[in-house]
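Q: Take this structure, written in structure tokens, and hold onto it; I'll ask about it next.
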Amino acid sequence: MTQELTAARAAGGSDAGSHAQRLEALYPTEAESIDRDLGLRLYRDMTLGRRFEDKCAEMYYRGKMFGFVHLYNGQEAVSTGVIQAMRLRHDWFCSTYRDHVHALSCGVPAREVMSELFGKSTGCSKGRGGSMHLFSREHHLLGGYAFIGEGIPVALGAAFTSRYRRDALKEADSDAVTAAFFGDGTCNNGQFFECLNMATLWKLPILFVVENNRWAIGMDHNRATSDPEIWRKAAAFGMAGEEVDGMDVLAVRAAALRAIERARAGEGPTLLECLTYRFRGHSLADPDELRDRAEKDFWARRDPIKQLATVLVDGAIVSAEDLKQIEREVDEEVSDAVEFALAAPEPDGEELTRYVWADD
Ligand SMILES: Cc1ncc(C[n+]2csc(CCOP(=O)(O)OP(=O)(O)O)c2C)c(N)n1
Ligand SMILES: [Mg+2]
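Right, dumping it as structure tokens:
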């Protein structure tokens, strides 16, 4: 912990800079070597997340979506860094109400995610869930959850299943790892601590991925949390803990790969705290008038997509035109998702109670 951070906390901890100071005080992590294919894959995934969310804002204000919609802009390096380091349709993923981009990274088609947001029957939750309740068995997405912390025990159960199959049922190939995503505000919720305990006790193959964006709606993390360095709480449980620059997709990916390797080797869970920032208000109903301009500017300069573009182009790994081409393709994919969702049918009223029970 830096001296400045300690001073900031002693002074009340609500200054605009303490979260930023932590980021700047991080030791530079060893960058994973990145080739053209990986670079383009990560860039595409983050760009899809960003442009999908921008389109959601547009559609929300045009009255195409209802209820609360929480966007992920600014946090893309976390979703892409962790999920693209895992094995899709093999490992398991569990999200929060800020779940659109996690779903896209897991491979849920943009058409299905957009349809779900429009409440259409072609949505990944058949139009029953909406923005906060995306689910895809096919893509091993165990859900978005409106209640904070609610997904963590579900993720723990998936990790327990992997371990039980391997150890009790002797399925040697049962090596799936689970990633549970949740926010800083959620880490003061009891379920978080209960699950850390059980995960370590049973050495479960799980990554607890904290997306510390400093804010829980309008509550500053430093005002609400006795020790704001969440990753340190791992030590109390004898678990591996790491903090990482959550605006740097390569740093997140490197940390995730270390944690995944430990988990698959049977060495148990990791608490990974990603220091990040949401570029928009808490939800689309939030005018975002609370946070300081200087704070927003600090994080805007660290835009994870622009940072990756710089690494790729300056390192001559890809050309600027390669990235433009990806952006064009992503824009087409997002427009196609909107057209598809607009034209899709509403769920049939006759089927209101369908899918309530598992055998449906
Ligand atoms: C159990 C529960 N208590 C309270 C709320 C109200 N609530 C909605 S979002 C939120 C803040 C969560 O902040 P954080 O975990 O940091 O996630 P972020 O929104 O920053 O992604 C709260 C308290 C809730 N959804 N569920
Ligand atoms: Mg938060």
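First residue of the sequence shown: 769, per our numbering; consecutive thereafter. The beta-carbon is built from N, C-alpha and C at its ideal position, and this holds for glycine as well. These numbers come from a predicted model, not from an experiment.
1. Assuming the contact rule is C-beta atoms closer than 8 Å, D1013 and L872 should be a hit. Round their C-beta distance to whole Å, please.
2. Taking the alpha-carbon positions, what's the V1098 to K938 distance?
3. Any heavy atom of ligand 1 inside 7 Å of the beta-carbon of A871?
4. Beta carbon of N841: closer than 7 Å to some heavy atom of ligand 1?
5. For G807, report the span of its alpha helix (DSSP H) as first-last.
6. Exposed or buried, what is G1117 when buried is set at 16 or more other beta-carbons lying within 10 Å of its beta-carbon?
7. At 4 residues or longer, and completely inside the stretch 1000 to 1072: list those alpha helix (DSSP H) runs for me, N to C.
8. Return the chain-ordered list of same chain residues with a C-beta closer than 7 Å to the C-beta of L773, the five sequence neighbours on each side being excluded.
9. Can you tell me whether A920 is buried or exposed? The criterion is at least 16 other CB atoms within 10 Å of its CB, across all chains shown.
10. By DSSP's criteria, D988 is part of a beta bridge. Which residues make up the other side?
11. Alpha carbon to alpha carbon, what distance is there between R1021 and R1030?
12. According to DSSP, is S847 part of a helix, a strand, or is it coil?
13. Decide if Y829 is buried, meaning its Cβ has at least 16 other Cβ atoms within 10 Å, or exposed.
14. Which residue comes first and which comes last in the beta strand (DSSP E) that contains C862?
15. Using alpha carbons as the reference points, say which of E1041, I1085, L1018 lies closest to V978.
16. Could you work out which residue in Q852, P996, M833 is closest to A1023 when comparing CA atoms only?
17. Applying the criterion that 16 or more other CB atoms from any shown protein chain within 10 Å of the CB defines a buried residue, is I985 buried or exposed?
18. Taking the alpha helix (DSSP H) that A914 belongs to, which residues open and close that run?
A: Let's see:
1. Working through the sequence shown from its first residue, we reach residue 1013 at position 245. Working through the sequence shown from its first residue, we reach residue 872 at position 104. D1013 to L872, Cβ: 22 Å. No contact.
2. Along the sequence shown, read from residue 1 onward, the residue named residue 1098 stands at position 330. Along the sequence shown, read from residue 1 onward, the residue named residue 938 stands at position 170. If I take the Cα positions, the gap works out to 43 Å.
3. As a working mapping, residue 871 is identified with position 103 in the sequence shown. Not so, every heavy atom of ligand 1 lies at least 7 Å from the Cβ.
4. The residue you call residue 841 lines up with position 73 of the sequence shown. No, the beta carbon of N841 sits no closer than 7 Å to any heavy atom of ligand 1.
5. Walking along the sequence shown from the start, residue 807 turns up at place 39. Residues 804 to 829.
6. To locate residue 1117, count along the sequence shown from 1; it is residue 349. By the neighbour-count rule (16 or more Cβ atoms within 10 Å), G1117 is not buried but exposed.
7. 1001 to 1004, 1017 to 1032, 1061 to 1068
8. Indexing the sequence shown from 1 puts residue 773 at position 5. Because the pLDDT at L773 is just 44, under 50, the model does not fix this residue reliably, and the value given afterwards should be weighed accordingly. Excluding sequence neighbours, L773 sits near S786, Q789, R790.
9. Along the sequence shown, read from residue 1 onward, the residue named residue 920 stands at position 152. Checking the displayed sequence, the identity of residue 920 turns out to be Ile instead of Ala. Buried, by the Cβ-count rule.
10. By 1-based counting over the sequence shown, the position of residue 988 is 220. For D988, which the question treats as bridged, DSSP gives the partners W983.
11. Reading the sequence shown from its first residue, position 262 is the one you call residue 1030. Reading the sequence shown from its first residue, position 253 is the one you call residue 1021. About 14 Å.
12. Residue numbering aside, residue 847 sits at position 79 when the sequence shown is read from its first letter. Three-state DSSP puts S847 in a helix.
13. Within the sequence shown, residue 829 is the residue found at index 61, counting from 1. By the neighbour-count rule (16 or more Cβ atoms within 10 Å), Y829 is not buried but exposed.
14. Position 94 of the sequence shown, counted from the start, is the residue given in the question as residue 862. Taken as a continuous stretch (DSSP letters only), the beta strand (DSSP E) holding C862 covers 860 to 862.
15. Locating residue 978 in the sequence shown gives position 210, counting from the first residue. When each option's Cα is compared against that of V978, the closest is E1041.
16. As a first step, residue 1023 is located in the sequence shown; it is residue number 255 there, counting from the start. When only C-alpha atoms are compared, the closest one is Q852.
17. Mapped onto the sequence shown, residue 985 falls at position 217. Burial call: exposed.
18. As a position in the sequence shown, residue 914 is number 146, starting the count at 1. Note, A914: premise wrong, no alpha helix (DSSP H); not H, not E.
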